Amino acid sequence: MFSLKNFSKIHSFASCVPSIQMSNKDFESIVETTDQWIVERTGIKNRYMCTPDEDSLTLAVKTTRETIARSGLDVSQISGIIVGTSSSRHVFPGLGCMLLGELGIKGFAFDLQAACSGFVYASHIGRQFIENNSAEHILLLGVDVISRVLDWNDRKTCILFGDGAGSAILSASEHPSILYSMIGAEPDQELSLTVSSPWANKHGHHKIQMDGPKVFKRAVGCLSSCVTTLLEKTGLPPSAIDIVIPHQANGRILQAVAERTPIPLNKYYQCLERYGNTSAASIPLAYVDAEKEGLIQVGMNVMTIAFGGGMTFGGSVFNVLS
Ligand code: COA
91 MFSLKNFSKI HSFASCVPSI QMSNKDFESI VETTDQWIVE RTGIKNRYMC
141 TPDEDSLTLA VKTTRETIAR SGLDVSQISG IIVGTSSSRH VFPGLGCMLL
191 GELGIKGFAF DLQAACSGFV YASHIGRQFI ENNSAEHILL LGVDVISRVL
241 DWNDRKTCIL FGDGAGSAIL SASEHPSILY SMIGAEPDQE LSLTVSSPWA
291 NKHGHHKIQM DGPKVFKRAV GCLSSCVTTL LEKTGLPPSA IDIVIPHQAN
341 GRILQAVAER TPIPLNKYYQ CLERYGNTSA ASIPLAYVDA EKEGLIQVGM
391 NVMTIAFGGG MTFGGSVFNV LS
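Here our numbering is used: the first residue of the sequence shown is 91, the next is one more, and so on.
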């Protein structure tokens with residue numbers, strides 16, 4: 091049906107954050123920490139968290155409505171929704187199915203759980219539908235509300251995360267836009283980054299637990315190999331990548347990745363000081379801010395790289411089409 095359009099393009103990014111703003115100073119009265127420690131060890135200064143009335147669905151509705159408006163598409167043209175999230179309001183129905191009703195989309199919908207790599211996973215999987223002619227437009231969403239699973243007594247984790255949502259449309263295109271995308275996973279046998287599900291056995295723990303230094307090393311290794319693979323597979327020289335939109339977890343992780351790979355740190359867009367680690371929302375949230383700052387323009391080559399619990403990782407290189 092769409093045989094002249096064998097490529098995928100990603101466009102119409104939008105994002106939103108919830109209402110409660112929390113600075114590093116606010117944490118000084120909750121756990122034994124300082125603004126200076128958090129800034130020096132992570133680069134984070136601020137983050138947003140949901141009020142009791144907000145959750146992943148309220149954020150999802152807001153950002154996806156904006157994405158659809160920006161795309162100029164009618165909802166009847168959208169074939170389905172793919173959501174990267176670990177924070178669906180219900181275990182079932184999934185967030186994607188809830189959104190179908192909210193937005194009036196008639197199509198498929200599913201949630202996928204790849205932690206902080208959720209948006210990159212969603213866009214890579216969405217490409218398969220577009221490029222085998224099963225869909226022409228797919229709504230992509232990354233949303234997480236990690237504040238609900240924070241241990242407010244654990245200074246090693248509670249200072250790192252914020253809530254947020256980001257969305258985009260993946261469309262069939264006559265011209266190549268996504269030049270390459272990839273997803274991958276490795277076991278986390280030591281359970282260095284976990285939250286238990288409602289079905290866990292008695293050993294489950296329902297707040298986030300993390301061995302920070304171990305996760306740091308795994309993140310640097312996985313993200314560095316994403317950069318190397320993306321350059322190899324696209325055949326582009328590092329100078330042809332105009333901007334890197336990385337998962338925003340820790341500025342020191344990004345510095346270490348840049349030191350190990352040929353793309354310099356000044357090409358890595360960073361907004362983690364404003365939002366903290368927003369998990370599956372972090373890449374679209376960063377993309378929107380970079381676009382607003384005029385750092386992303388038509389014709390540019392954008393690289394995305396993500397890493398998250400699982401361990402999951404992935405990335406893409408795409409040329410921005412109008
Ligand atoms: N404020 C003050 N001190 C803190 C602190 C805080 N918020 N958190 C930890 N510390 C202390 C530790 O207790 C430890 O003290 P000790 O030496 O007296 O035991 C010291 O700082 C060093 O702790 P460590 O965990 O080794 O620090 P670090 O330099 O590795 O930084 C993280 C901790 C969590 C910031 C860092 O490991 C990290 O970012 N890891 C990756 C996390 C991540 O991105 N996860 C999501 C992946 S998607």
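Ideal Cβ placement from N, Cα and C applies to all residues, glycine included. Note that this is a predicted model, so its numbers are computed, not measured.
- Distance from residue 175 to residue 244 at the Cβ level is roughly 23 Å; contact not present, criterion being Cβ atoms closer than 8 Å.
- Distance from the Cα of residue 134 is smallest, within the candidate group 354, 343, 307 and 382, for 343.
- Here residue 399 really is in contact with residue 205; their C-beta atoms are around 4 Å apart, less than 8 Å.
- For secondary structure counted as the beta strand (DSSP E) over 3 or more consecutive residues, the stretch 232-309 holds these complete runs in sequence order: 254-263 and 268-275.
- Between residue 144 and residue 183, the C-beta gap is not smaller than 8 Å, which leaves the two residues out of contact.
- Within its own chain, the residues whose Cβ lies closer than 8 Å to the Cβ of residue 180, once the five positions on either side in sequence are excluded, are 188, listed in chain order.
- According to DSSP, residue pairing for residue 105 in a beta bridge involves 256.
- Here residue 371 really is in contact with residue 254; their C-beta atoms are around 4 Å apart, less than 8 Å.
- Given a length threshold of 3 residues, each whole run of the beta strand (DSSP E) inside the stretch 320-384 is given here in chain order: 333-336.
- DSSP, reduced to helix, strand and coil, places residue 202 within a strand of the structure shown.
- Between the ligand COA and residue 133, a heavy atom-to-CB distance of less than 7 Å is absent.
- When only Cα atoms are considered, residue 379 and residue 361 end up about 8 Å apart.
- In this structure, the ligand COA has no non-hydrogen atom nearer than 7 Å to the beta-carbon of residue 240.
- Within the same chain, Cβ atoms closer than 8 Å to the Cβ of residue 272 are found at 214, 316, 319, 320, 323, 404, 405 and 406, the five residues on either side in sequence being excluded.
- Around the Cβ of residue 159, a 10 Å sphere holds fewer than 16 other Cβ atoms; the residue is exposed.
- Excluding the 5 residues flanking it on each side, residue 393 has same chain C-beta neighbours closer than 8 Å at 317, 320, 331, 333, 334, 335, 353, 405, 406 and 407, in chain order.
- Between residue 288 and residue 97, the gap from beta carbon to beta carbon reaches 8 Å or more.
- When DSSP states are grouped into helix, strand and coil, residue 180 belongs to the coil group.
- Closest in alpha carbon position to residue 228, among 171, 310 and 148, is 171.
- Distance between residue 137 and residue 112, taken at the CA atoms: about 5 Å.
- The beta carbon of residue 289 sits no closer than 7 Å to any heavy atom of the ligand COA.
- In this structure residue 282 touches residue 304 by the C-beta definition: roughly 4 Å separates them, less than 8 Å.
- Relative to residue 232, the option among 309, 146 and 165 whose CA is nearest is 146.
- The C-alpha of residue 308 lies about 20 Å from the C-alpha of residue 236.
- In this structure, the CA atom of residue 376 is about 10 Å from the CA atom of residue 103.
- Taking residue 310 as the centre and dropping the five residues before and after it, the same chain places the C-beta of 343, 346, 347 and 350 closer than 8 Å to its C-beta, in chain order.
- For residue 141, the closest C-alpha among the options 260, 132, 219 and 252 is that of 252.
- Under DSSP, residue 407 shares a beta bridge with 270 and 393.
- The residue among 357, 250, 306 and 325 with its C-alpha nearest the C-alpha of residue 364 is 250.
- Contact check for residue 169 against residue 122 fails: the beta carbons are separated by 8 Å or more.
- Closer than 7 Å to some heavy atom of the ligand COA: that describes the Cβ of residue 302.
- If you keep only unbroken alpha helix (DSSP H) runs of at least 4 residues inside the stretch 108-145, you get 114-118 and 125-132.
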